[in-house]
Amino acid sequence: MVRSIINLPKIVGSLSKADRELFDRIYRYYIEVGRLKLPNGIRETALREFGECEEQTIVRITNKITLESTLFNELRAKRPIEAKSRCVDHPSAECRFCRAEELTAEDVFGRIEGKHCITASNMAKYDYLHAIIIFRDHEPFVFEEEKILDYLDVAWRWVEKANEFDESARYPFFMWNCLWRAGASIIHGHAQILLSKEPYAMQEFYDSVRKAYRREFGSEYFDDLFRVHEALGLGFELEDVRIMVYLTPIKEKEVLMLAKDFLDLPNALSKILRWYYGIGVRSFNLAVFLPSIGENDLCLARIVDRGNLENRTCDIGCMELFARTSVVSSDPFKLSESLKKFI
Ligand SMILES: [Zn+2]
1138 MVRSIINLPK IVGSLSKADR ELFDRIYRYY IEVGRLKLPN GIRETALREF GECEEQTIVR
1198 ITNKITLEST LFNELRAKRP IEAKSRCVDH PSAECRFCRA EELTAEDVFG RIEGKHCITA
1258 SNMAKYDYLH AIIIFRDHEP FVFEEEKILD YLDVAWRWVE KANEFDESAR YPFFMWNCLW
1318 RAGASIIHGH AQILLSKEPY AMQEFYDSVR KAYRREFGSE YFDDLFRVHE ALGLGFELED
1378 VRIMVYLTPI KEKEVLMLAK DFLDLPNALS KILRWYYGIG VRSFNLAVFL PSIGENDLCL
1438 ARIVDRGNLE NRTCDIGCME LFARTSVVSS DPFKLSESLK KFI
């Protein structure tokens, strides 16, 4: 059997009874065929560009617990791209982040410095405590474990410092937008860290989902989510980090990581980034949901590919923004095989 999203019924059917029940508790899905007719004027071009497209299989999977929902259609990856823009390279001689100490703002409580990065205060803040972690490398495609560990360590030291400065701020959020497709305005490698008096909305949503799940089923939602992914061949462990090639990705190639501690993540992150760059990803969003200060809880990291740098079409439209049902072409089963070989 080919391990592919199209074969989901067979893959689920081969699970043990307990795993199948857990799958059914968390997920529902349908598979339908979308049909179209090609007039002669377009037939040849369409078949050349898309291959067989008069019947296209659509798989829709919904996580019933979180209401995350994804539509898979491999054909969409073959769409001709008409809107293209040239990549503009940014010479590092003009880069403000290459001279961070002189040319970036600092927080009122100072900078945090590591071997591979230094913090700056964000000039146009998302929220009232918001820093940039500026990498020593200009080139944004960093993957070395040692460097990532340093970024996370500096981020956490900044969180502690910001919390000393304002004790009411207790909810951290770590993020890394790589290049413009992912919303970054500066090419030079950088991540960001925020601390607020209220958790960000998705963190609060996860907290309430986990609480409700525990009340109803008596277990931890993320443990069960991982168990289902593991049973499907989409989840595996790397040291203390549980990795899932996510079954309802928000966009292309989404991977989730569960760690007991923020500083356990660098090895898994390093491997996933190397794999990402190896399969052509150049722009990504990485977020880490962290427990509030003083609380001992798991960390959840999510990373997603934001598409070709030369593509001027945004990867997110009404389906993602308003229908909250993502349209995705990458197959989690194929990605998982590729990632496992890499790790
Ligand atoms: Zn630079």
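In the working numbering, the protein residues as written are 1138 to 1480. Just so you know, even glycine gets a beta-carbon here, dropped at the ideal spot from N, CA and C. Keep in mind it's a predicted model, so treat the numbers as computed, not measured.
Within this structure, are the beta carbons of residue i and residue j separated by less than 8 Å?
i: I1380; j: A1405; result: yes
i: I1481; j: I1163; result: Outside the shown range of the chain (1138 to 1480) lies residue 1481, about which nothing can therefore be said.
i: L1446; j: S1463; result: no
i: G1415; j: F1479; result: yes
i: K1334; j: A1306; result: yes
i: V1465; j: F1272; result: no
i: Q1472; j: V1382; result: Looking at the sequence itself, residue 1472 is Leu, so the reference to Gln does not match. Yes, the Cβ-Cβ distance between L1472 and V1382 is below 8 Å.
i: S1407; j: F1280; result: yes
i: K1388; j: R1443; result: yes
i: D1303; j: A1268; result: no
i: A1481; j: M1260; result: The chain is shown only over 1138 to 1480; residue 1481 falls outside these bounds and no answer can be derived.
i: F1459; j: L1371; result: no
i: E1282; j: P1403; result: yes
i: V1346; j: L1159; result: no
i: E1191; j: R1172; result: yes
i: L1384; j: I1198; result: yes
i: A1340; j: F1399; result: Here residue 1340 is Gln; the residue named in the question, Ala, does not match the sequence. The answer is no: Cβ separation not under 8 Å.
i: L1369; j: I1148; result: yes
i: E1231; j: I1195; result: no
i: A1242; j: S1258; result: yes
i: F1373; j: E1367; result: yes
i: F1342; j: K1298; result: no
Whose C-beta lies closer than 8 Å to the C-beta of residue i among residues of the same chain, with five residues either side of it excluded?
i: C1235; result: S1229, H1275, H1325
i: E1189; result: none
i: L1375; result: N1404, A1405, K1408, I1480
i: M1456; result: L1208, T1462, S1463, V1464
i: S1356; result: Y1350
i: D1434; result: P1428
i: L1184; result: L1175, C1190
Within a Cβ cutoff of 6 Å, which residues of the same chain sit near residue i, ignoring the five residues on either side of it in sequence?
i: S1222; result: Reliability fails at S1222, whose pLDDT of 49 lies under 50, so the model's placement of it is uncertain and the value that follows must be treated cautiously. Correct list, in chain order: R1449.
i: M1394; result: V1378, I1380, A1405, A1438
i: D1468; result: S1141, I1142
i: F1310; result: L1331, Y1337
i: G1320; result: N1314
i: V1418; result: D1442
i: K1252; result: D1287
i: N1422; result: N1314, A1319, V1441
i: D1264; result: L1331, S1333
Please list, in chain order, all residues of the same chain as residue i whose beta carbon is under 7 Å from its beta carbon, the five residues on each side excluded.
i: R1294; result: I1249
i: I1409; result: V1392, I1440
i: I1270; result: C1254, T1256, Y1288, V1291, A1292, H1327, A1328, Q1329, I1330
i: L1476; result: V1382, W1412
i: R1165; result: T1199, K1201
i: A1157; result: The sequence shown places Arg at residue 1157, not Ala. Excluding positions up to five away in sequence, the list reads V1149.
Count the other C-beta atoms from every protein chain shown that fall within 10 angstroms of the C-beta of residue i, then say buried if there are 16 or more, exposed otherwise.
i: T1182; result: exposed
i: R1318; result: buried
i: C1315; result: buried
i: Y1167; result: exposed
i: C1436; result: buried
i: A1155; result: exposed
i: E1205; result: buried
i: P1176; result: exposed
i: D1401; result: buried
i: Y1308; result: buried
i: E1219; result: Annotation note: pLDDT 48 at E1219 (below 50); position unreliable, coordinate value reported separately. Under this definition E1219 is an exposed residue.
i: P1386; result: buried
i: V1139; result: exposed
i: L1145; result: buried
i: K1284; result: buried
i: K1390; result: buried
i: D1452; result: buried
i: P1211; result: Per the sequence shown, the amino acid found at residue 1211 is Glu instead of Pro. By the 10 Å Cβ count, E1211 comes out buried.
Answer yes or no: does any C-beta atom of chain C fall closer than 8 Å to that of residue i?
i: G1444; result: Reference to chain C is not applicable here, since this structure consists of a single protein chain.
Under 5 Å from any heavy atom of ligand 3, by CB: list those residues in chain order, please.
-> Ligands present in the displayed structure are limited to ligand 1, and ligand 3 is not among them.
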